[in-house]
Amino acid sequence: MEKMTDAQIIERVKNGYIDDFSLLMNRHIKGVTTFVKIRLKDSFIVDDIVQNTFVKFYKAINTFDVKKQARPYLLEIAKNEMKMYFRSKKNVISLKETIGKVDKHDAFDLRNFIEGLPSKPKNILKLLYAGYTYEEIAKRMKASVNTIKTTIRRLRMKNEKR
(Lines of atoms letter the chains of each structure in order from A and count residues from 1; the text may use other names and numbers.)
(Lines give C-alpha, C1' and ligand atoms only; values in the text may rest on other atoms or scores of the structure.)
Protein backbone atom coordinates (compact mmCIF):
# COMPACT_ATOMS: atom_id res chain seq x y z
CA MET A 1 0.00 0.00 0.00
CA GLU A 2 1.39 3.41 -0.94
CA LYS A 3 1.96 6.10 1.66
CA MET A 4 -1.11 8.30 2.15
CA THR A 5 -0.89 12.08 2.11
CA ASP A 6 -2.18 14.19 5.00
CA ALA A 7 -5.17 15.13 2.84
CA GLN A 8 -6.02 11.48 2.21
CA ILE A 9 -5.73 10.62 5.89
CA ILE A 10 -7.90 13.58 6.88
CA GLU A 11 -10.53 12.60 4.32
CA ARG A 12 -10.57 9.06 5.70
CA VAL A 13 -10.96 10.38 9.27
CA LYS A 14 -13.81 12.63 8.10
CA ASN A 15 -15.43 9.55 6.54
CA GLY A 16 -15.39 7.65 9.82
CA TYR A 17 -12.02 5.89 9.80
CA ILE A 18 -11.02 7.55 13.06
CA ASP A 19 -8.19 5.09 13.74
CA ASP A 20 -6.35 6.65 10.79
CA PHE A 21 -5.91 9.81 12.85
CA SER A 22 -3.05 8.02 14.60
CA LEU A 23 -1.20 7.94 11.25
CA LEU A 24 -1.43 11.72 11.04
CA MET A 25 -0.45 12.07 14.67
CA ASN A 26 2.57 9.79 14.31
CA ARG A 27 3.67 11.75 11.26
CA HIS A 28 3.55 15.16 12.97
CA ILE A 29 4.02 14.56 16.71
CA LYS A 30 7.81 14.90 16.64
CA GLY A 31 7.66 18.23 14.77
CA VAL A 32 4.97 19.67 17.05
CA THR A 33 6.80 18.47 20.16
CA THR A 34 10.07 20.03 19.00
CA PHE A 35 8.26 23.28 18.16
CA VAL A 36 6.85 23.45 21.71
CA LYS A 37 10.02 22.20 23.48
CA ILE A 38 12.08 25.01 21.96
CA ARG A 39 9.77 27.51 23.64
CA LEU A 40 9.06 25.73 26.93
CA LYS A 41 11.35 23.87 29.28
CA ASP A 42 8.83 21.99 31.45
CA SER A 43 8.37 18.57 29.82
CA PHE A 44 5.01 18.01 31.56
CA ILE A 45 3.65 21.24 30.10
CA VAL A 46 5.12 20.36 26.69
CA ASP A 47 3.28 17.02 26.75
CA ASP A 48 0.02 18.71 27.78
CA ILE A 49 0.27 21.32 25.04
CA VAL A 50 1.10 18.72 22.37
CA GLN A 51 -1.81 16.56 23.52
CA ASN A 52 -4.20 19.53 23.51
CA THR A 53 -2.96 20.48 20.04
CA PHE A 54 -3.90 17.12 18.55
CA VAL A 55 -7.20 16.98 20.46
CA LYS A 56 -8.20 20.41 19.10
CA PHE A 57 -7.11 19.43 15.60
CA TYR A 58 -9.18 16.25 15.81
CA LYS A 59 -12.25 18.13 17.07
CA ALA A 60 -11.98 20.63 14.20
CA ILE A 61 -11.01 18.13 11.52
CA ASN A 62 -14.36 18.39 9.74
CA THR A 63 -13.72 22.07 9.08
CA PHE A 64 -10.15 21.53 7.88
CA ASP A 65 -9.44 22.44 4.24
CA VAL A 66 -7.62 19.42 2.82
CA LYS A 67 -6.04 21.62 0.14
CA LYS A 68 -3.85 23.06 2.90
CA GLN A 69 -1.01 21.34 4.73
CA ALA A 70 -1.72 19.94 8.21
CA ARG A 71 1.67 20.88 9.73
CA PRO A 72 1.23 24.70 9.71
CA TYR A 73 -2.27 24.28 11.11
CA LEU A 74 -0.98 22.05 13.93
CA LEU A 75 1.84 24.49 14.73
CA GLU A 76 -0.64 27.37 14.86
CA ILE A 77 -2.80 25.43 17.32
CA ALA A 78 0.31 24.65 19.41
CA LYS A 79 1.28 28.34 19.37
CA ASN A 80 -2.19 29.32 20.59
CA GLU A 81 -2.05 26.65 23.31
CA MET A 82 1.26 28.09 24.51
CA LYS A 83 -0.24 31.60 24.55
CA MET A 84 -3.10 30.33 26.70
CA TYR A 85 -0.60 28.64 29.02
CA PHE A 86 1.45 31.84 29.44
CA ARG A 87 -1.73 33.87 29.94
CA SER A 88 -2.86 31.51 32.70
CA LYS A 89 0.52 31.84 34.44
CA LYS A 90 0.01 35.62 34.70
CA ASN A 91 -2.90 34.94 37.05
CA VAL A 92 -0.64 33.24 39.60
CA ILE A 93 0.63 35.29 42.50
CA SER A 94 3.55 33.72 44.30
CA LEU A 95 3.88 33.51 48.04
CA LYS A 96 7.10 35.54 47.82
CA GLU A 97 5.26 38.40 46.08
CA THR A 98 2.57 38.40 48.74
CA ILE A 99 4.61 37.85 51.88
CA GLY A 100 7.96 39.20 50.70
CA LYS A 101 6.83 42.78 51.34
CA VAL A 102 5.66 42.23 54.90
CA ASP A 103 7.59 41.92 58.12
CA LYS A 104 7.68 38.78 60.28
CA HIS A 105 4.82 39.99 62.47
CA ASP A 106 2.58 40.48 59.43
CA ALA A 107 3.62 37.08 58.07
CA PHE A 108 2.67 35.49 61.39
CA ASP A 109 -0.71 37.29 61.28
CA LEU A 110 -1.26 36.12 57.71
CA ARG A 111 -0.43 32.55 58.66
CA ASN A 112 -2.89 32.73 61.58
CA PHE A 113 -5.51 34.22 59.24
CA ILE A 114 -5.07 31.34 56.78
CA GLU A 115 -5.08 28.66 59.48
CA GLY A 116 -8.30 30.11 60.93
CA LEU A 117 -10.17 29.69 57.64
CA PRO A 118 -12.54 26.84 56.84
CA SER A 119 -10.87 24.00 54.96
CA LYS A 120 -12.06 24.88 51.42
CA PRO A 121 -10.81 28.52 51.33
CA LYS A 122 -7.67 27.45 53.21
CA ASN A 123 -6.91 24.80 50.58
CA ILE A 124 -7.54 27.30 47.77
CA LEU A 125 -5.01 29.73 49.25
CA LYS A 126 -2.46 26.99 49.88
CA LEU A 127 -2.72 25.85 46.26
CA LEU A 128 -2.45 29.44 45.05
CA TYR A 129 0.66 30.04 47.15
CA ALA A 130 2.10 26.73 45.90
CA GLY A 131 2.04 28.19 42.39
CA TYR A 132 -1.08 26.62 40.92
CA THR A 133 -3.09 28.59 38.35
CA TYR A 134 -6.73 29.44 38.94
CA GLU A 135 -7.64 26.80 36.35
CA GLU A 136 -5.57 24.13 38.10
CA ILE A 137 -7.06 25.05 41.48
CA ALA A 138 -10.58 24.93 40.04
CA LYS A 139 -9.94 21.48 38.62
CA ARG A 140 -8.53 20.15 41.91
CA MET A 141 -11.31 21.72 43.99
CA LYS A 142 -14.02 20.67 41.51
CA ALA A 143 -15.24 24.27 41.19
CA SER A 144 -15.47 26.85 38.43
CA VAL A 145 -12.59 29.23 37.75
CA ASN A 146 -14.88 32.17 38.57
CA THR A 147 -15.70 30.64 41.96
CA ILE A 148 -11.98 30.35 42.71
CA LYS A 149 -11.31 33.94 41.62
CA THR A 150 -14.22 35.24 43.69
CA THR A 151 -13.13 33.27 46.76
CA ILE A 152 -9.57 34.61 46.49
CA ARG A 153 -10.78 38.19 45.98
CA ARG A 154 -13.07 37.95 49.02
CA LEU A 155 -10.31 36.45 51.15
CA ARG A 156 -7.95 39.27 50.17
CA MET A 157 -10.59 41.87 51.06
CA LYS A 158 -11.29 40.10 54.35
CA ASN A 159 -7.56 40.01 55.13
CA GLU A 160 -7.15 43.72 54.32
CA LYS A 161 -9.99 44.62 56.73
CA ARG A 162 -8.30 42.81 59.64
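Numbering (full-length UniProt numbering), first residue to last: 1 to 162. For every residue, glycine included, the Cβ atom is placed at its ideal position computed from N, Cα and C. This one's a predicted model, so the numbers in the text were calculated from it and none came from an experiment.
Cβ pair residue i, residue j closer than 8 Å
i: A78; j: V36; result: yes
i: N112; j: E81; result: no
i: Y73; j: F86; result: no
i: D19; j: I9; result: no
i: G31; j: R71; result: yes
i: E11; j: V66; result: yes
Run of the alpha helix (DSSP H) containing residue i, from where it starts to where it stops
i: T151; result: 145 to 161
i: Q8; result: 6 to 14
i: F54; result: 43 to 59
i: A138; result: 134 to 141
Simplified DSSP assignment, three categories, for residue i
i: G31; result: helix
i: K122; result: helix
i: D20; result: helix
i: A70; result: helix
i: F64; result: coil
i: L75; result: helix
i: residue 216; result: Residue 216 is absent from the structure shown; the chain starts at 1 and stops at 162.
i: L110; result: helix
i: K89; result: helix
i: K3; result: coil
Euclidean distance between Cα positions of residue i and residue j
i: I29; j: M141; result: 32 Å
i: K120; j: E160; result: 20 Å
i: L40; j: T151; result: 31 Å
i: S22; j: A138; result: 31 Å
i: K59; j: D6; result: 16 Å
i: L125; j: I114; result: 8 Å
i: V55; j: I45; result: 15 Å
i: E135; j: S88; result: 8 Å
i: Y129; j: K122; result: 11 Å
i: G116; j: D42; result: 35 Å
i: T133; j: T34; result: 25 Å
i: N62; j: K68; result: 13 Å
i: residue 163; j: N26; result: An answer regarding residue 163 cannot be provided, because it is not within the stretch 1 to 162 covered by the chain.
i: N15; j: S144; result: 36 Å
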